[in-house]
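Residue 4 is where the sequence shown starts when you use the numbering used here, and the numbers rise one by one after that.
We put the CB at the ideal spot given by N, CA and C, even for glycine.
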Amino acid sequence: MMKNLIFIKLSVILFLLILEVKGAKKKATNNVDDENITINDGPENSVLAESAYCNQYVGSKIYLDATKLKQLDANQYISEIFSKNKEITVNSKLDYFIRYSLISKGLCFYEPSEVKELNKFPKFPHRPENGQPYEEIFRYEKTVNCFYYYSQYVHEESRAELNKHRIALNHLNLYMQSLYFFIYDEKLCPYPKEHMKTPFEDKDEVTRNTLIYNSKVTYVIDLNNFYTQLYEQYRIDSNGNMNNYETQLELDTNNYELTNCGYPTEEQKNEYCKTNSDICCPLRHNQNIITLELNKSAVYYGVGVASALIIAGSFFSSKIIKEIQMQENIKKSILNQEKEYQEINKINLQNAYNEGFDPKIQQFNSNSRNLNGTLRNPGRNVGTLPHTDTTLGLNSNSGLTMGGNSLMSLGSSGMTLNSGGSMGRYPPNSFNVTEEYKSSDARDLSLKRGMIVQLIQKFEGGWVMVKDIQTNRQGYAPEYCLALCPYPKGDMKNTHEDETDENICNTRIYNDRVEYINNLNAFYEMLNKTYSDEHPMDLREYETQLELDTRNLELTFCGYPTEAQKKEYCKNNPDDVCCPLKQFQTPYTFEFNKLSAYYGVAVSSALVIVGSFFSARIIKEIQMQETLKKSLFNQGREYQEINNQNLQNAYKEGFDPKIQQFNSNSRNLNGTLRNPGRNVGTLPHTETTLGYSSNSRLTLGNSSGLSLGSSGATLRSGGGSMGRYPPNSFNVIEDYQTSDARDISLKRGMVVQLIQKFDGGWVMVKDIQTNRQGYAPEYCLGNKM
């Protein structure tokens with residue numbers, strides 16, 4: 004009884020609200036004809052302009068003359084592709100007309116695939132009479148055309164609001180110059196073809212084209228007159244100070260096209276400003292804060308519809324809730340039964356173990372629920388392969404148990420068996436079993452960890468139909484047993500960890516996943532509706548703008564986390580809109596903070612003083628080191644000259660470097676020539692494998708002596724890898740005779756290890772045969788080994 008009373012009260016309230024809405028609607032309706040016009044509170048016989056294209060007027064209430072707007076119906080010559088399946092309201096009719104103004108007026112005629120807005124045309128030739136020819140696009144096209152056409156169709160009571168968006172004469176002049184070269188070029192602004200709609204369809208081709216040409220001339224003259232009219236008006240309003248007045252109009256940062264120097268994109272502006280220091284170059288767009296007024300009629304509609312939905316929703320919600328409760332009770336009953344089955348199976352399995360059940364040689368017969376009565380030896384080993392040579396390719400995580408020469412069981416990850424064919428390769432949609440499941444129904448399939456099954460079908464509630472790829476037996480099993488998206492194990496934290504039963508916990512997690520997917524679908528539908536409502540005329544263009552947000556790194560990477568993945572994707576999908584994108588770093592503007600400035604100046608001053616003190620000490624130390632190095636290098640140069648002279652004298656006295664060796668412990672060259680006690684590089688007399696390049700020099704002194712030439716030889720003898728050079732080893736290409744105990748003598752063909760390089764052409768090296776270190780000139784070293 005109480006429910007019926009509440010329902011009656013809500014119905015009465017809804018009826019009263021509907022009556023109130025009807026009364027409000029009559030008061031709010033304008034005295035315009037029965038066209039599809041948005042209700043507004045503006046002047047009589049007016050229409051509130053919708054400015055999707057002329058977006059510099061967004062936030063301004065500009066009312067258009069409804070009578071004048073009717074004239075547009077007979078004067079639009081836009082291709083069908085722009086009006087097909089679209090409802091153009093009176094409020095947006097002028098904005099739509101301006102978007103394709105030269106086509107709308109019947110001045111230029113294009114095929115449907117060629118139609119575009121004026122500022123989307125590429126650069127075209129400009130040939131001034133007294134100047135250098137150049138190429139440029141339409142600049143300030145939107146700013147000029149919007150103000151020009153709005154001035155013709157604006158309601159007189161809104162003209163003051165429109166004049167807040169006056170255009171600069173300089174911008175109008177630039178647009179008129181481009182228009183002059185564009186509109187008279189038949190390639191850029193072509194005449195109509197036979198199948199096209201024109202203002203003069205009843206005329207022959209010559210007459211029709213002549214009349215269209217005259218229309219072009221008239222349009223240019225009208226713009227000239229508009230320029231003159233604005234000039235006179237600005238001269239009066241500025242009290243003769245035209246320059247300042249014109250500059251203020253050019254600095255309107257609320258107009259995106261003005262801040263872009265007349266170009267449609269910021270990239271084109273940046274390219275222009277590289278070579279031009281125009282007044283527009285430092286401008287940044289100022290986003291207007293749009294304030295919305297509450298519309299009472301919308302409130303009435305909203306309250307009425309909401310009340311109706313609440314009443315209807317309450318009735319259906321009660322039925323749906325009751326149905327949900329029934330489903331929950333059924334699920335609980337099934338889960339309780341499953342729990343009982345699991346407990347019985349555990350008891351039966353334990354009894355089987357007690358009676359001698361061995362899982363290595365036994366197999367469960369899934370056709371019966373009596374576990375103890377169905378234990379038997381398998382008819383054939385699962386996974387038995389022919390006794391042939393088999394190559395196994397498996398990763399380090401694979402589990403592989405060899406029962407004999409041919410018995411094999413698969414572990415936690417898959418393997419590919421290559422034996423004459425493609426044995427062991429899993430069928431499509433195969434998954435690894437990660438959780439055991441004991442069948443309690445003839446329709447189910449028992450699963451063990453490590454099994455490989457093929458997924459046949461998924462069902463709601465967390466159940467799947469699978470097939471054992473070894474026995475080809477099919478049956479139902481819980482989805483959490485497959486390694487798709489793992490369920491929690493052991494002590495893992497989860498949102499349902501208070502549930503002790505593992506099956507119930509996993510079922511609830513599955514329901515959470517379903518809810519998450521449903522929420523994503525609802526979010527998609529909400530965004531789709533929002534975008535469609537906000538951009539009914541240019542939804543695709545708006546969507547493209549969202550895809551081209553170069554401030555988002557993921558968008559510039561085509562949704563991938565790294566640029567390498569994007570490049571791999573774009574190899575096969577070069578036409579994707581994201582492939583040419585590069586990330587744009589958003590400039591940040593910071594307000595000046597005096598307190599931070601004081602701190603910054605103080606800290607930087609202190610750092611400059613301290614840094615200057617230590618810098619002076621460091622510079623002085625560096626100068627001392629440089630002076631010392633120069634002194635050492637000069638001494639080294641003198642030593643080198645003396646050594647060269649001594650070496651020349653030694654050659655004259657019969658010195659032969661092939662059989663003589665210099666004793667570096669003495670500076671007396673003539674008194675230290677002797678035969679070496681042992682050839683460098685002598686190896687034991689064993690079988691040796693030599694690996695050397697074609698440039699190697701290999702000299703054998705006797706049956707076991709070996710000296711290395713200009714390239715290295717890798718010697719493998721018995722159990723070691725002899726002759727392999729250490730890192731940073733170089734071949735000596737010039738002899739050097741030491742004249743100082745700190746130096747090391749070098750001979751052509753030696754192999755030394757570079758320890759350190761110094762300025763002035765000196766290096767520290769180590770003889771890899773004697774391990775002796777010392778200084779030597781860098782020019783003595785050749786190729787790296």
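For residue i, the three-state DSSP class (helix, strand or coil)
{"i": "His129", "result": "strand"}
{"i": "Pro202", "result": "coil"}
{"i": "Val61", "result": "coil"}
{"i": "Ile758", "result": "strand"}
{"i": "Lys470", "result": "strand"}
{"i": "Phe617", "result": "helix"}
{"i": "Leu631", "result": "helix"}
{"i": "Ala52", "result": "coil"}
{"i": "Phe229", "result": "helix"}
{"i": "Pro115", "result": "helix"}
{"i": "Ser449", "result": "coil"}
{"i": "Asp240", "result": "helix"}
{"i": "Gln460", "result": "strand"}
{"i": "Asn176", "result": "helix"}
{"i": "Met753", "result": "coil"}
{"i": "Ala315", "result": "helix"}
{"i": "Ser433", "result": "strand"}
{"i": "Gly785", "result": "strand"}
{"i": "Ser104", "result": "helix"}
{"i": "Met245", "result": "helix"}
{"i": "Leu67", "result": "strand"}
{"i": "Lys349", "result": "helix"}
{"i": "Ser748", "result": "coil"}
{"i": "Met767", "result": "strand"}
{"i": "Ala567", "result": "helix"}
{"i": "Ser535", "result": "helix"}
{"i": "Tyr344", "result": "helix"}
Separation of residue j from residue i, as counted between CA atoms
{"i": "Leu145", "j": "Asp205", "result": "Reading the sequence as shown, one finds Lys at residue 145 and not Leu. In a straight line, the C-alpha of Lys145 is about 33 Å away from that of Asp205."}
{"i": "Ile771", "j": "Cys573", "result": "52 Å"}
{"i": "Asn332", "j": "Ile520", "result": "24 Å"}
{"i": "Ile347", "j": "Ala445", "result": "16 Å"}
{"i": "Pro730", "j": "Gly752", "result": "18 Å"}
{"i": "Gly307", "j": "Phe318", "result": "17 Å"}
{"i": "Pro431", "j": "Asp552", "result": "39 Å"}
{"i": "Asn48", "j": "Ile65", "result": "13 Å"}
{"i": "Lys200", "j": "Met540", "result": "23 Å"}
{"i": "Val604", "j": "Ile612", "result": "12 Å"}
{"i": "Leu410", "j": "Leu338", "result": "A caution first: Leu410 carries a pLDDT of 26, below 50, which makes its placement in the model too unreliable to give a value."}
{"i": "Ile324", "j": "Ile350", "result": "39 Å"}
{"i": "Gln155", "j": "Asp68", "result": "9 Å"}
{"i": "Val209", "j": "Pro125", "result": "29 Å"}
{"i": "Asn122", "j": "Gln457", "result": "57 Å"}
{"i": "Ile622", "j": "Gln135", "result": "57 Å"}
{"i": "Leu448", "j": "Gly465", "result": "15 Å"}
{"i": "Lys496", "j": "Ala486", "result": "19 Å"}
Cβ neighbours of residue i in the same chain (closer than 6 Å, five flanking residues each side left out)
{"i": "Cys783", "result": "Val735, Glu737, Tyr739 and Leu749"}
{"i": "Leu214", "result": "Phe203"}
{"i": "Cys111", "result": "Leu105 and Cys192"}
{"i": "Gln345", "result": "none"}
{"i": "Leu580", "result": "Residue identity differs from the one stated: residue 580 is Val in this sequence, not Leu. Cβ neighbours of Val580 beyond the five flanking positions: Glu550."}
{"i": "Leu165", "result": "Ile65, Tyr153 and Val157"}
{"i": "Asn786", "result": "Asn734"}
{"i": "Cys276", "result": "Cys284"}
{"i": "Tyr113", "result": "none"}
{"i": "Glu781", "result": "Gly764 and Val766"}
Cutoff 7 Å; reference residue i; Cβ partners in own chain excluding five residues on either side
{"i": "Lys252", "result": "What sits at residue 252 in the sequence shown is Leu, not Lys. The residues are Arg169, Ile170 and Ala171."}
{"i": "Thr758", "result": "Just to set this straight, residue 758 is Ile in the shown sequence, not Thr. Counting only Cβ-Cβ distances below 7 Å, and skipping sequence neighbours, we find Met767, Val768, Lys769 and Gln776."}
{"i": "Met788", "result": "Gly715, Tyr728, Ser732, Phe733, Asn734 and Val754"}
{"i": "Glu439", "result": "Leu450, Lys451 and Arg452"}
{"i": "Val147", "result": "Ile170, His174, Leu175 and Tyr178"}
{"i": "Arg287", "result": "Thr256 and Thr262"}
Neighbourhood of residue i by C-beta distance below 8 Å, restricted to the same chain and skipping five residues each side
{"i": "Thr218", "result": "As written in the sequence, residue 218 is Ser, which differs from the Thr given in the question. Only Lys108, Gly109, Leu110 and Pro202 meet the Cβ criterion."}
{"i": "Cys484", "result": "Val436, Thr437, Glu438, Glu439, Tyr440 and Leu450"}
{"i": "Tyr234", "result": "Leu172"}
### Task
Determine, using beta-carbon pairs with one atom in the region 90–99 and one in the region 68–76, whether at least three such pairs fall under 8 Å.
yes
### Query
In chain order, which continuous runs of the beta strand (DSSP E) of length 3 or greater are located wholly inside the region 129–162?
137–139
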